[in-house]
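Q: What follows is a single structure, and I will ask about it in a moment.
There are 4 protein chains.
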Amino acid sequence: MKSQRTITRLRRIEGQVRGITKMLEEDRYCIDILHQMQAVKAALARAESEILKDHASHCVEDAIRSGNSEEQRGKVAELVDLFDKLKR
Amino acid sequence: MKSQRTITRLRRIEGQVRGITKMLEEDRYCIDILHQMQAVKAALARAESEILKDHASHCVEDAIRSGNSEEQRGKVAELVDLFDKLKR
Amino acid sequence: MKSQRTITRLRRIEGQVRGITKMLEEDRYCIDILHQMQAVKAALARAESEILKDHASHCVEDAIRSGNSEEQRGKVAELVDLFDKLKR
Amino acid sequence: MKSQRTITRLRRIEGQVRGITKMLEEDRYCIDILHQMQAVKAALARAESEILKDHASHCVEDAIRSGNSEEQRGKVAELVDLFDKLKR
Numbered sequence: 001m002k003s004q005r006t007i008t009r010l011r012r013i014e015g016q017v018r019g020i021t022k023m024l025e026e027d028r029y030c031i032d033i034l035h036q037m038q039a040v041k042a043a044l045a046r047a048e049s050e051i052l053k054d055h056a057s058h059c060v061e062d063a064i065r066s067g068n069s070e071e072q073r074g075k076v077a078e079l080v081d082l083f084d085k086l087k088r
Numbered sequence: 001m002k003s004q005r006t007i008t009r010l011r012r013i014e015g016q017v018r019g020i021t022k023m024l025e026e027d028r029y030c031i032d033i034l035h036q037m038q039a040v041k042a043a044l045a046r047a048e049s050e051i052l053k054d055h056a057s058h059c060v061e062d063a064i065r066s067g068n069s070e071e072q073r074g075k076v077a078e079l080v081d082l083f084d085k086l087k088r
Numbered sequence: 001m002k003s004q005r006t007i008t009r010l011r012r013i014e015g016q017v018r019g020i021t022k023m024l025e026e027d028r029y030c031i032d033i034l035h036q037m038q039a040v041k042a043a044l045a046r047a048e049s050e051i052l053k054d055h056a057s058h059c060v061e062d063a064i065r066s067g068n069s070e071e072q073r074g075k076v077a078e079l080v081d082l083f084d085k086l087k088r
Numbered sequence: 001m002k003s004q005r006t007i008t009r010l011r012r013i014e015g016q017v018r019g020i021t022k023m024l025e026e027d028r029y030c031i032d033i034l035h036q037m038q039a040v041k042a043a044l045a046r047a048e049s050e051i052l053k054d055h056a057s058h059c060v061e062d063a064i065r066s067g068n069s070e071e072q073r074g075k076v077a078e079l080v081d082l083f084d085k086l087k088r
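Chains as they are written, first to last, in the working numbering: chain Y, 1 to 88; chain G, 1 to 88; chain C, 1 to 88; chain E, 1 to 88.
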């Protein structure tokens, strides 16, 4: 089970994005909208960090406990691949 | 008026975030969720770019046409301030 | 004239990059090297911010004082273009 | 041994940073300098990616082969910690 805290966080982000759509529809000032978007990006980064830690302590931990080298290599390859996407 | 294209884009991002919440609730694989989050961040970056261009061709353009130096300085200060937030 | 502080900062970054090359040659631990690279990226971001502020208070300020709308539009277009590159 | 390719890449980045210092000293146009800094950041990102892959195929691979769970957990914790720093 994913943490309830992360689910709550994502619901809040969804609300923030809806708020930005409303700001656009009400023709609010662009710079205020762009600052709101920075807040959404920061909130997404915090959620990412939680999900990754959850992944490390569950899925990756299972692979470590299994003692199965192939499974472990698979987990490492996934993390390296994700890291590559992240930097963009 | 903000462009309808940007509003549509934000609505789609809202749907993507809702999809991620659902993935979390259904306990989907963390790495798949993290890849979805990269897609949301890329979509937000495209929306930001559109909003900024809209800002340049409307609000900043108005300040240029006004010939009012103080107003122009204000617009530049806002952009520099936003740039500083962006890099985090 | 660019600020001496920024020039000093860039010389320090050059030294940090040389330090990373040395760490690679001495086959130091990858994770330590990667943390050093984060430090370089943070230092570059601070230098960028200084250069942009310098730009706003000199070149952009000159365009504002000139009262030349075409020149002002050119400065805005350059900033928007830079902003687009930044998000990668 | 770290790859010679990565060492060469870092030497080239060092040269690029020295070039930026020179541009500052010669009072070159700020926007041109800022574009050069984007090029350095992109080159650093490519080097990071190479070093991380090197890390995965050597240090992490050794931990997998060792069959030592504590060592494996240590490697995962380091990657999660690095990921957290990266997003800034």
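Glycine residues also receive a C-beta, built at the ideal position from the N, C-alpha and C atoms.
Identify the continuous alpha helix (DSSP H) that holds Cys30 (chain G) and give its terminal residues.
A: Start and end: Cys30 to His55.
Q: What span of residues does the alpha helix (DSSP H) with Asp81 (chain C) cover, start to end?
A: Unbroken alpha helix (DSSP H) run through Asp81 (chain C): Ser69 to Leu86.
Q: CA-CA distance, Asn68 (chain Y) and Cys59 (chain E)?
A: For Asn68 (chain Y) and Cys59 (chain E), the distance between alpha carbons rounds to 17 Å.
Q: Going along chain C in order, which residues have a C-beta closer than 8 Å to the C-beta of Ile64 (chain G)?
A: Ser69, Gln72, Arg73 and Val76, listed in chain order.
Q: Below 7 Å on C-beta distance, what does Leu79 (chain G) contact in chain C?
A: Near Leu79 (chain G) (Cβ distances below 7 Å), the residues of chain C are Leu79.
Q: Quick one: which residues of the stretch 46-59 of chain E get their C-beta closer than 8 Å to a C-beta of chain Y? List them in chain order.
A: Correct list: Glu48, Ser49, Leu52, Lys53 and Ala56.
Q: Counting only beta-carbon atoms, is Leu86 (chain G) nearer than 8 Å to chain C?
A: Closer than 8 Å: yes.
Q: Is the CB of Arg5 (chain Y) under 8 Å away from at least one CB in chain G?
A: So, not an interface residue.
Q: Under 8 Å between the Cβ atoms of Glu14 (chain E) and Thr21 (chain C)?
A: Yes.
Q: Please work out which residues of its chain come closer than 7 Å, Cβ to Cβ, to Ile33 (chain G), disregarding the five sequence neighbours upstream and downstream, and give them in chain order.
A: Only Ile20, Met23 and Leu24 meet the Cβ criterion.
Q: Throw me the rounded Cβ distance for the Ala94 (chain C) and Val76 (chain G) pair, which I believe falls under 8 Å.
A: One cannot answer for residue 94 (chain C) here, as it falls past the ends of chain C, which runs 1 to 88.
Q: Taking the straight line between their C-alpha atoms, what separation do you get for Ala42 (chain G) and Ala63 (chain G)?
A: Ala42 (chain G) and Ala63 (chain G): Cα-Cα distance of roughly 31 Å.
Q: For the putative contact between Leu86 (chain Y) and Val17 (chain G), defined by C-beta atoms under 8 Å, what is the C-beta separation to the nearest angstrom?
A: Contact doesn't hold; Cβ gap of about 18 Å is too wide.
Q: Starting from the Cα of Ser3 (chain E), find the closest Cα among C:Asp27, C:Ser3 and C:Lys2 and give me that residue.
A: Looking at the Cα atoms, C:Asp27 is the closest of the given residues.
Q: Does any CB atom of chain G fall closer than 8 Å to the CB of Glu61 (chain Y)?
A: Chain G, which has no Cβ nearer than 8 Å to the Cβ of Glu61 (chain Y), makes this no.
Q: For Asp84 (chain Y) versus Ser49 (chain E), is the C-beta distance shorter than 8 Å?
A: Yes, the Cβ-Cβ distance between Asp84 (chain Y) and Ser49 (chain E) is below 8 Å.
Q: Indicate whether at least one CB of chain E lies closer than 8 Å to the CB of Gln36 (chain C).
A: Chain E, which has no Cβ nearer than 8 Å to the Cβ of Gln36 (chain C), makes this no.
Q: What residue range is occupied by the uninterrupted alpha helix (DSSP H) comprising Ser66 (chain E)?
A: It spans Glu61 to Ser66 - the alpha helix (DSSP H) in which Ser66 (chain E) sits, taken as one unbroken run.
Q: If Ile31 (chain G) sits next to Leu82 (chain Y), beta carbons under 8 Å apart, how far is it from one beta carbon to the other, in whole angstroms?
A: Going by Cβ atoms, the distance from Ile31 (chain G) to Leu82 (chain Y) rounds to 6 Å, so yes, they are a contact pair.
Q: Does the Cβ-Cβ distance between Met37 (chain C) and Leu79 (chain E) come in under 8 Å?
A: Their beta carbons are not under 8 Å apart, which means Met37 (chain C) does not touch Leu79 (chain E) by this criterion.
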